[in-house]
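Chains as they are written, first to last, in my numbering: chain A, 86 to 433; chain B, 171 to 461; chain C, 23 to 278.
Think of the CB as a built atom: it goes at the ideal place given N, C-alpha and C, for glycine as much as any other residue.
All remarks here apply to the structure that follows.
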Amino acid sequence: MKKTKEATLANGQSRTDKIIGFITAHKIWFIILAIAAAILLPVIVTSSYYRAIFIKTLIYALLASSLNAINGYSGQFNIGHAGFYCIGAYTYAIIATRWGVNFFVMLPVAGIAAGLAGYIISLPTLRLKGMYLAMVTMGAGEVIRLIAISWRSVTKGNNGISAIPAPSIFGYKLSSLLNYYYIILVLLIIMLFLTYRVINSRIGRAWMSIREDQNASAFLGVEIKRYKSNNFVYGAFWAGIAGCFAAAFFQYIQPELFNFTRSTEILSMVILGGQGTLVGPLLGAFTVSFLTEVLRFSDQFRLIIYAILIILMMWFRPQGLVGAKHSVLAKRLEIKKHKTPAEKKVTR
Amino acid sequence: MYIVEQLINGLCQGGIYALIAIGFTLVFGITGLVTFCYGEIVMMGAYGSYFVFQWVGLNVPLAMLGAFLFSAFIGFFVYKICYERFLAVPHQISLLCTIGMSTLLTNLAQLVFGLETKSMPMLMAGMNIQIGEIRITYLQILIIGVVVLLCLFLSWFLNKTRIGAALRSVKQDRVATELLGIDSSRVMMIGNCIGSALGGIAGILYCISYMSISPTLGTSVGRIGFSAAVLGGLVNIPWAAAGGVIIGILENLSIIWIPASFRSGIAYVFLIIVLIFLPQGIASRKKRTKL
Amino acid sequence: MSILLEAKQVSKFFGGVKAVNQVDMQIEKGEIFGIIGPNGAGKTTFFNVISGLYTPTSGDIWFKGEKITGLIPEQVAKMGMARTFQNIRLFVNMSVADNIKIGFHTRTKTNFADAFVHSRRYKDDEKFATQKSLELLEEVGLSEYSQYQAGKLAYGTQRKVEIVRALALNPEILLLDEPAAGMNPAETESLMCFVKELNQSGYTVAVIEHDMKFIMNLCDRIMVLDHGTKIAEGLPEEIKDDQNVIEAYFGSKAVI
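Here it is as structure tokens:
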């Protein structure tokens, strides 16, 4: 994250900018600190109840990060992300319960299955934008869920799949909460690391150029369809991995776990925490998980709070709390990208 | 003759869907406001009429008025929160706002009105006319009649009134409209509210025909409205109506071939097929991409 | 005397509107070719057709001897045709350096695997993009702005950055659509020198402009469009006195 100087020498760097600047400059230390804290957390907090919450939070962090890879970096509008989560979970659940394939072997398989779905869904959407894209992705998520309900012979329909095996390695079962915690933590760190590398490469730049101005980007040789598509696949892949883990953790899944409300929850994490940065979705996941705990007495109340938070964010900080401030995601009123209609030439 | 009755059912259902699609097109395509919460407005209108039935009794015109006003009011509320502030800003911000609003309205309805599905009064039970082997209920006639009347009203409003003309011009060129002295924000609000009000009527008709009402009907109804409207490229009212009728008929005929649990997927399949083959709807003029 | 870009009987109709009507054009390698015409003459539409945004209703386009009719913008860009837009389309939220780096997309090859492991190819590509961006900026004297947010630069500078970004493609031809639009005389003068220098470095240029001084001083040859049709073509001096051109701009009663 380079610091961008303002051309008009502004003296007013707000306090948050200064704090963010400090953190950015000493990035490495904060990351090490964060990882150390994450490693020590379940050792310090030994309650099973809280350990389970941490694990669920990390699953959400992975889901939110994978959605951010799509919505935040390429600017595509995916609101059916739970569908990919669903495919990852069911892939593991079905294959592991029937043929006992090892969890760690299944991880990439689940990811690839979800990635494949991502590819298929991206095909009709490459020409679509905004509302259309949102609707189709929502529809796709729903259709996946409907298939899970209807294809009873394979998915056991609404009854769901139970007795899903826990992860094991060389016959040694890893089913304690501590085990689960460290597995998902490692998965999350791997995902963030790899995503960081992709973002800071030609691929990430292509994605961001599509987000900022798709047409200009095309004229610079960026193959729009290909990069929109591989972006979708990338985000779907990691959601599939999250699903695989979730199936192994909860050990029971059913279609209702992957409905549109779930997609909305994941979306609200990304919107709240921030789009277009790596930290944003993490912050969003932590906040929303925290709220989920505090507000667990009422599903409706909880969802209303998420909704209000989304609206508040749109009003005051559309890029999210720590989202990409210098992007098209943050509404830019002071810099007019295009001339106003009155300034546009009147063509006969 | 089962098929013919299913067809009539489908026509009736399709009429309701058509109304939803028309209201949606009015808000989205004609006024130019991207919305994700139209289904919830329909749902709110239905509840408006439900409470009229509860408090006043079986007074259908009053209930319709209740639905009309209540959803217009909700539409106004949505306008203030999701649109007014964002008129000069990229559309996706309004869109996200309405996504939040859709969740908000659904859960608010669940909280305030209760989670359970309530029953709507049965109207004109057993009253029907018989043409040969086919039975058409009075209720079906009422529904189709209301839909047709509203379409005529809308057509008159858009084409023959000053506000209607202002509405049509605002989307094309806001600045020019304002230069003519028209408050574009106010006009858009009116367009939004009328579209919402139409949705409310669709809501009461929907619940009357199913004799039940639940807070979550917004999701399925909104999805259908959008899918139908896509046939008209989201800007063309007659084709949106056609889309609604087609989906209604397909849903009712499909009972014969597809498991019931998949019925809700029909609208989506319709949507995807239309988007693949006619990305801009049927009667589309190729819009010049201004660079 | 080789022809770099050629349009043969290119037409583009939008429903009943004949935006471009049977236009022929030949641009020679190394020249600066101007396209002028009153508002609505179809100049930008013509550019859009050439650069692949629109498929022509009829006619063909050849670039470097190959037929490019029907190719999409990404493909045309890869072949070496770069363009800028009437209203500047920089990535306003990104830094200048990042803007230019994206221009190197077609000249790099890093894929996912390379990015994940920071392979040799990744390192080479990053070094190449970063270094070359700085070089380009230095060549035109804009390197001090490299870390500035593109949208906050002065308008004239933004235009130059947009052109430099197009240069990252290592194009053979530059299509400039009204580059001097919205500029004051000083900026226009500066831009004119800029384009002249580019041409001298070897870039062929096709430019649409309304600023007559700009066109007359810069271009080797000029083509005039009116209502989608070509009404004149030739050297600047010839165009200046052409009766059809005067009529198109000023009406038939005008006497210059």
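Spatial neighbours of residue i in its chain, beta-carbon cut-off 6 Å, leaving aside the 5 residues before and after
i	result
isoleucine 395(A)	Ser353 and Ile356
threonine 77(C)	Gly92
lysine 112(A)	none
valine 317(B)	Gly185 and Leu189
alanine 41(C)	Lys34, Gly64, Thr67 and Gly250
isoleucine 244(B)	Ile211 and Met214
leucine 211(A)	Lys310 and Lys313
cysteine 377(B)	Ala216, Met290 and Ile383
Residues near residue i by beta carbon distance below 7 Å, same chain, minus five either side
i	result
isoleucine 306(B)	Ile178, Asn298 and Ile299
glutamate 308(A)	none
glutamine 310(B)	Ile178 and Cys182
alanine 137(A)	Leu262
asparagine 239(C)	Met214
threonine 377(A)	Arg387
tyrosine 170(C)	Ser117 and Val118
threonine 205(B)	Val197, Phe198 and Thr268
leucine 156(C)	Ser165 and Ser168
isoleucine 284(A)	Tyr158
alanine 303(A)	Ile309
7 Å Cβ cut-off: residues of chain A touching residue i
i	result
alanine 99(C)	Phe304, Leu305 and Gly306
isoleucine 251(B)	Ile396
glutamine 463(B)	Summary: the structure shown does not reach residue 463(B), with chain B confined to residues 171 through 461, and so no result is reported for it.
tyrosine 177(C)	Correct list: empty, because the minimum Cβ distance to chain A is about 11 Å.
phenylalanine 272(C)	What phenylalanine 272(C) touches in chain A: nothing, since even the nearest Cβ is about 15 Å away.
threonine 128(C)	Gly306
Cβ-based burial, residue i [other Cβ within 10 Å; buried from 16]
i	result
proline 231(B)	exposed
isoleucine 230(C)	buried
tyrosine 409(B)	Rather than tyrosine, the amino acid found at residue 409(B) in this sequence is tryptophan. Per the 10 Å Cβ criterion, buried.
serine 219(B)	buried
proline 429(B)	exposed
phenylalanine 286(A)	At residue 286(A) the sequence reads serine, which differs from the phenylalanine that was named. Serine 286(A) should be labelled buried.
glutamate 297(A)	buried
glutamate 421(B)	buried
threonine 109(A)	exposed
tyrosine 257(A)	exposed
proline 207(C)	exposed
methionine 399(A)	buried
valine 379(A)	exposed
alanine 202(C)	buried
lysine 330(B)	exposed
phenylalanine 440(B)	buried
Within chain C, the residues that residue i reaches when beta carbons sit closer than 7 Å
i	result
leucine 279(A)	Phe138
alanine 154(A)	Under the 7 Å cutoff, chain C gives no residues; its nearest Cβ is about 12 Å from alanine 154(A).
valine 194(A)	The premise fails here: valine 194(A) is roughly 18 Å from chain C at the closest Cβ pair, so nothing lies under 7 Å.
Same chain, Cβ closer than 8 Å to residue i, neighbours up to 5 away in sequence not counted
i	result
serine 24(C)	Glu50 and Lys51
lysine 89(C)	Asp82 and Ile83
threonine 182(A)	Ile246, Ala248, Ile249 and Pro250
Interface partners of residue i on chain B, CB under 7 Å
i	result
valine 228(A)	Gly435 and Tyr438
isoleucine 356(A)	Leu266
The ligand COA heavy atom lying under 7 Å from the CB of residue i
i	result
leucine 75(C)	This structure does not include the ligand COA; it has no bound ligands of any sort.
Rounded Cβ spacing between residue i and residue j (contact assumed at less than 8 Å)
i	j	result
valine 45(C)	lysine 252(C)	5 Å
valine 239(A)	isoleucine 179(A)	6 Å
isoleucine 374(B)	alanine 216(B)	5 Å
isoleucine 144(A)	phenylalanine 345(A)	Their Cβ separation, rounded to whole angstroms, is 18 Å, which puts isoleucine 144(A) and phenylalanine 345(A) out of contact at 8 Å.
Within chain B, the residues that residue i reaches when beta carbons sit closer than 8 Å
i	result
tyrosine 391(A)	Gly270 and Thr273
Under 8 Å by beta carbon: chain A residues contacting residue i
i	result
leucine 191(C)	Leu305 and Gly306
Proximal chain C residues relative to residue i, where beta-carbon distance stays under 9 Å
i	result
aspartate 102(A)	Correct list: empty, because the minimum Cβ distance to chain C is about 13 Å.
Taking 8 Å as the cut-off, does the region 363-371 of chain B touch the region 186-198 of chain B (at least 3 CB pairs, one atom from each stretch)? yes
Taking one C-beta from the region 222-234 of chain C and one from the region 336-347 of chain A each time, how about it: are there three or more such pairs within less than 8 Å? Segments in contact, no.
Are at least three pairs of beta-carbons, each pair with one atom in the region 160-172 of chain A and one in the region 196-205 of chain A, less than 8 Å apart? yes
The region 270-282 of chain A / the region 105-116 of chain C touching (three or more Cβ pairs under 8 Å): no
Evaluate the contact criterion for the region 328-336 of chain A versus the region 241-250 of chain A: three or more CB pairs, one atom per stretch, below 8 Å. yes
Cβ contact check for the region 397-409 of chain B and the region 354-362 of chain B: 3 or more pairs under 8 Å: no
Does the region 152-160 of chain A come within contact of the region 402-417 of chain A, defined as at least 3 CB pairs closer than 8 Å? yes
Does the region 190-202 of chain C come into contact with the region 118-135 of chain C, if we say contact requires no fewer than three beta-carbon pairs (one atom in each stretch) closer than 8 Å? yes
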